[in-house]
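These notes are about the structure you will find just below.
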Amino acid sequence: AAMGEVLRGIRFSDRFTIHRDGTPLYLDGIEIDGDAHALMMRRATGAGAGAMASLVHVAPGAGAHLDAVRDLVGAEGGASLLWLDVLVLRVLAADGFLLRRALLPVLDRLSGGSLPRVWRF
44 AAMGEVLRGI RFSDRFTIHR DGTPLYLDGI EIDGDAHALM MRRATGAGAG
94 AMASLVHVAP GAGAHLDAVR DLVGAEGGAS LLWLDVLVLR VLAADGFLLR
144 RALLPVLDRL SGGSLPRVWR F
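Take any residue in the sequence shown, note its place counting from 1, add 43, and you have its number in my numbering.
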């Protein structure tokens, strides 16, 4: 909402599942039907955030990043370890620019500093 616009009436549904060898590792879903702005303004669902991202990192040693990722996202997000190699992160921010700014250090760490240059702008 770079120009201050808000979503008042939407129908949004998104689901994803990550499997390993046919076994579900992670299942997530979100549904918003109605006034998205009012929903995100509520403390329990968005605390006023205008942007949200979920990140799932599945890799050997993912658990070694947990404390650092928590430090990087601070109060704007949360990270949990589902398995030793499955790290899950959710971040809320006022807008897409601030969300990107919060995610880039995390992505950089998880990628071993190998993010493409264009992602850094």
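Heads up, the beta-carbon is just placed ideally off N, CA and C, and yes, glycines get one too.
Quiz item: Roughly how many angstroms lie between the CA atoms of residue 73 and residue 110, to the nearest whole one?
Solution: Mapped onto the sequence shown, residue 73 falls at position 30. Mapped onto the sequence shown, residue 110 falls at position 67. A straight-line Cα-Cα distance of about 26 angstroms links residue 73 and residue 110.
Practice problem: Tell me, please, whether the segment 99–119 touches the segment 80–88 by the rule of three or more beta-carbon pairs shorter than 8 angstroms. | Solution: Pairwise C-beta distances place the segment 99–119 out of contact with the segment 80–88, as fewer than three of them are shorter than 8 angstroms.
Quiz prompt | Residues bridged to residue 124 [DSSP beta-bridge criterion] | solution = Counting from one through the sequence shown, the residue named residue 124 turns up at place 81. Residue pairing for residue 124: DSSP places it in a beta bridge opposite 130.
Exercise. Let me know if residue 70 comes out buried or exposed under the rule of 16 or more other beta-carbons within 10 Å of its beta-carbon.
Key: Against the sequence shown, residue 70 aligns to sequence position 27. Here residue 70 is exposed: its Cβ has fewer than 16 other Cβ atoms, across all protein chains shown, within 10 Å.
Quiz item: Whose C-alpha, out of 148, 152, 53, 94, is nearest the C-alpha of residue 79?
Solution: Residue mapping note: residue 79 aligns to position 36 of the sequence shown, counting from 1. When the alpha-carbon of residue 79 is set against those of 148, 152, 53, 94, the nearest one is in 53.
Quiz item: Can we say the segment 155–163 touches the segment 110–130, given the rule of at least three CB pairs closer than 8 angstroms?
Solution: Touching, no.
Exercise. Just the C-alpha distance for residue 113 and residue 148, rounded to the nearest angstrom, thanks.
Key: Within the sequence shown, residue 113 is the residue found at index 70, counting from 1. Within the sequence shown, residue 148 is the residue found at index 105, counting from 1. Straight-line measurement puts the Cα of residue 148 at about 11 angstroms from the Cα of residue 113.
Exercise. Compare the beta carbon distance of residue 94 and residue 136 with 8 angstroms and say whether it is the shorter of the two.
Key: If you number the sequence shown from 1, residue 94 lands on position 51. If you number the sequence shown from 1, residue 136 lands on position 93. In terms of Cβ geometry, residue 94 and residue 136 form a close pair [threshold 8 angstroms].
Exercise. Per DSSP, which residues does residue 92 bridge with? Please list them.
Key: Your numbering for residue 92 matches position 49 in the sequence shown. Partner(s): none; residue 92 has no beta bridge.
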